[in-house]
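One structure is given below, encoded as structure tokens.
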Amino acid sequence: MLQIQNSTFSYDKNKVIKNLDFSVHKGQNIAIIGESGCGKSTLLKLIYGLYDLDEGQIFWNDQEVLGPKFHLVPGMPFMKYLAQDFDLMPFITVAENVGKYLSNIHPEKKQNRINELLEIVEMTEYSNVKAQFLSGGQQQRVALAKVLALEPEVLLLDEPFSQIDNFRKNSLRRRLFAYLKLKEITCLVATHDSSDSLSFADETIVLSNGKMVVKEKSINLYKHPSNKYVASLFGDVNEIKLSQLIEIEGTEETLLLYPHQLKVEPLGKLKVKVIHSFFKGSHYLIQAEANESTVFFEHFCELKINSEVFLSHIK
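Heads up: the sequence shown begins at 12 in this note's numbering, then just goes up one per residue.
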């Protein structure tokens, strides 16, 4: 089990991680999401042991994670950390990069392991190409294979798919996370892509200004966000008073609704004016205005600018 206990960290006097306290079970995949600058990357570096904590402790099972004050070479041997700069050697081949830390005692076994990893990241055909001639997305895939080579107990990934095109990204994510589950490798992913959280993470941690807002099962977090900040990390979100949608008496309630939870209906109560229609392939995302507030909803066809429609809530 990975345990982060009341951990605080500062750059100079600026606190970027504030009293974080949570645990991660072996084999879990945890997504870490939040706005830029909230502390996602710093948290991964602390867990790996690249920085010294101001306060608190981090443990993997019974072993404490210690930073540069205690280790000549920072970083824990049972963990692997993939930074956004990839850390590849440009003048050696893809295969040589992936096999850099593998033993040479059994050459055939080493080559088989390299081949297995390159297949996972779909880079087999580039095995003998030098890293300097690869695109950014290809380098990122090789870097993923490299950190998996010695099969770490804990894998820390910082925006691991940021430079990979959508054609490859979805397939790669399915292959990678299936492999991690099979091998029971604990994984923490700092990401801006909600698909990493919703489709693959067992739980999601939301950070804001260095503090943990919530740690929850990803599906629960999406369906029942605690506030607008949390909901907005998964896409456009509307903050609408219940009285704008139905006739109510008593206490007023504010709803957080995603665009797909609103639909055009002639008998709907919320009247909006269309500002723009964005084609999304299977539907249109409509930007509208109601009482000087912006409202987003989905519709099967484009709507005329300045037209007025009525909306209701899809429960």
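All C-beta atoms, glycine included, are put in the ideal place defined by N, C-alpha and C.
Exercise for the section: Verify the contact flag: Phe308, CB atom, against every heavy atom of the ligand SAH, threshold strictly below 6 Å. Expected result: Looking at this structure, you won't find the ligand SAH or any other ligand, since it has none at all.
Practice task
State whether the stretch 128-139 contacts the stretch 181-192, with contact taken as three or more CB pairs (one from each stretch) at a distance under 8 Å.
Solution key: Yes, the stretch 128-139 is in contact with the stretch 181-192.
Handout entry: Residue-chain proximity (Thr53, chain B), Cβ-Cβ < 7 Å
Key = Among the protein chains of the structure shown there is no chain B, as only one such chain exists.
Handout entry: Bridge partners - Cys348, DSSP secondary structure assignment
Key = Summary: the structure shown does not reach residue 348, with the chain confined to residues 12 through 326, and so no result is reported for it.
Practice task
Could you tell me whether the stretch 160-171 touches the stretch 196-203, using the rule of 3 or more Cβ pairs below 8 Å?
Solution key: yes
Handout entry: Option in Leu168, Thr202 and Asp204 with minimal Cα separation from Leu191
Key = For the purposes of this step, residue 191 is taken as residue 180 along the sequence shown, with counting starting at 1. Closest option to Leu191, Cα to Cα, is Leu168.
Exercise for the section: Alpha carbon to alpha carbon, how far is Lys274 from Phe308? Give it in angstroms, no decimals. Expected result: As a working note, residue 308 is residue 297 in the sequence shown. As a working note, residue 274 is residue 263 in the sequence shown. Each residue's Cα considered, the two are about 7 Å apart.
Exercise for the section: May I ask you to report which of helix, strand or coil DSSP gives Ile103? Expected result: Within the sequence shown, the letter at position 92 stands for residue 103. Note: Ile103 maps to coil in three-state DSSP.
Problem - Tyr295 vs His310 beta-carbon contact at 7 Å - result: As a working mapping, residue 295 is identified with position 284 in the sequence shown. As a working mapping, residue 310 is identified with position 299 in the sequence shown. Their beta carbons are under 7 Å apart, which means Tyr295 touches His310 by this criterion.
Practice task
Please report how far the alpha carbon of Gln151 lies from the alpha carbon of Val158, in whole angstroms.
Solution key: For this step, residue 151 is matched to residue 140 along the sequence shown. For this step, residue 158 is matched to residue 147 along the sequence shown. Those two C-alpha atoms are separated by around 11 Å.
Handout entry: Check whether Ile28 and Thr53 have beta carbons under 7 Å apart
Key = Walking along the sequence shown from the start, residue 28 turns up at place 17. Walking along the sequence shown from the start, residue 53 turns up at place 42. Cβ atoms of Ile28 and Thr53: closer than 7 Å.
Practice task
Give the DSSP-derived three-state secondary structure of Ala94 in the structure shown.
Solution key: Numbered from its first residue, the sequence shown carries residue 94 at position 83. If DSSP states are grouped into helix, strand and coil, Ala94 belongs with coil.
Handout entry: Contact set for Arg124: own chain, Cβ-Cβ below 8 Å, skip 5 residues either direction
Key = Residue 124 sits at position 113 when you count from the first residue of the sequence shown. Counting only Cβ-Cβ distances below 8 Å, and skipping sequence neighbours, we find Gly110, Leu113 and Ala160.
Practice task
Mark Met223 as exposed unless 16 or more other C-beta atoms lie within 10 angstroms of its C-beta, in which case mark it buried.
Solution key: Along the sequence shown, read from residue 1 onward, the residue named residue 223 stands at position 212. Met223 is buried by the Cβ-count criterion.
Problem - Reference Ala154; option with closest CA among Asp176, Ala94 and Glu119 - result: Within the sequence shown, numbered from 1, the residue matching residue 154 stands at position 143. Ranking Asp176, Ala94 and Glu119 by Cα distance to Ala154 puts Ala94 first.
Practice task
Look up Phe188 in the DSSP assignment and say whether it is helix, strand or coil.
Solution key: Looking up residue 188 in the sequence shown gives position 177. Phe188 falls in the helix class under three-state DSSP.
Practice task
Look at the alpha carbon of Ile259 and the alpha carbon of Lys280, and state the distance between them as a whole number of angstroms.
Solution key: Translated into the one-based positions of the sequence shown, residue 259 becomes position 248. Translated into the one-based positions of the sequence shown, residue 280 becomes position 269. Distance between the alpha carbons of Ile259 and Lys280: 12 Å.
Exercise for the section: Give the DSSP-derived three-state secondary structure of Ser21 in the structure shown. Expected result: The residue you call residue 21 lines up with position 10 of the sequence shown. Three-state DSSP puts Ser21 in a strand.
Handout entry: Length-filtered (3 minimum) beta strand (DSSP E) runs lying within the stretch 43-72
Key = 66-71
Exercise for the section: Go to Ser288, then tell me how far its beta strand (DSSP E) extends in each direction, as first and last residue. Expected result: To locate residue 288, count along the sequence shown from 1; it is residue 277. First-last of the beta strand (DSSP E) with Ser288: Leu281 to Phe290.
Exercise for the section: Please determine, among Lys56, Gly292, Lys315 and Lys180, the residue with the shortest C-alpha to C-alpha distance to Ile286. Expected result: Taking the first residue of the sequence shown as 1, we reach residue 286 at position 275. Of the listed residues, the one whose Cα sits closest to Ile286 is Lys315.
Problem - With 16 other Cβ atoms within 10 Å as the buried cut-off, status of Gly292 - result: For the purposes of this step, residue 292 is taken as the residue at position 281 of the sequence shown. Gly292 is exposed by the Cβ-count criterion.
Exercise for the section: Mind the definition here: the stretch 140-148 touches the stretch 86-101 only if three or more C-beta pairs lie below 8 Å; say whether that holds. Expected result: yes
Exercise for the section: With distances taken Cα to Cα, identify the nearest neighbour of Phe211 among Ser18, Ala42 and Leu267. Expected result: To locate residue 211, count along the sequence shown from 1; it is residue 200. It is Ala42 whose Cα lies nearest to the Cα of Phe211.
Practice task
Could you pull out every residue in the same chain whose Cβ sits closer than 8 Å to the Cβ of Tyr269, ignoring the five residues on either side in sequence?
Solution key: In the sequence shown, residue 269 corresponds to position 258, counting from 1. Closer than 8 Å at Cβ, skipping near neighbours: Ala242, Phe245, Gly246, Asp247, Val248 and Asn249.
Exercise for the section: Would you kindly work out how many angstroms separate the C-alpha atoms of Val225 and His36, rounded to a whole number? Expected result: The sequence position of residue 225 within the sequence shown is 214, counting from 1. The sequence position of residue 36 within the sequence shown is 25, counting from 1. Approximately 17 Å between the Cα atoms of the pair.
Exercise for the section: Look up Leu161 in the DSSP assignment and give the residues it is bridged to. Expected result: Sequence index remark: in the sequence shown, residue 161 carries index 150 (1-based). Answer by DSSP bridge pairing: none, since Leu161 is not bridged.
Handout entry: Contiguous beta strand (DSSP E) assignments of at least 3 residues, all confined to the stretch 112-138
Key = none
Exercise for the section: Tell me Ala299's beta-bridge partners as DSSP assigns them. Expected result: Against the sequence shown, residue 299 aligns to sequence position 288. Val285 and Val306.
Practice task
From the DSSP output, in three-state form, read off Lys252 for me.
Solution key: Here residue 252 corresponds to residue number 241 of the sequence shown, with the count starting at 1. In the three-state reduction of the DSSP assignment, Lys252 falls in the strand class, which pools E and B.
Practice task
Count the other C-beta atoms from every protein chain shown that fall within 10 angstroms of the C-beta of Met87, then say buried if there are 16 or more, exposed otherwise.
Solution key: Within the sequence shown, numbered from 1, the residue matching residue 87 stands at position 76. So Met87 counts as buried.
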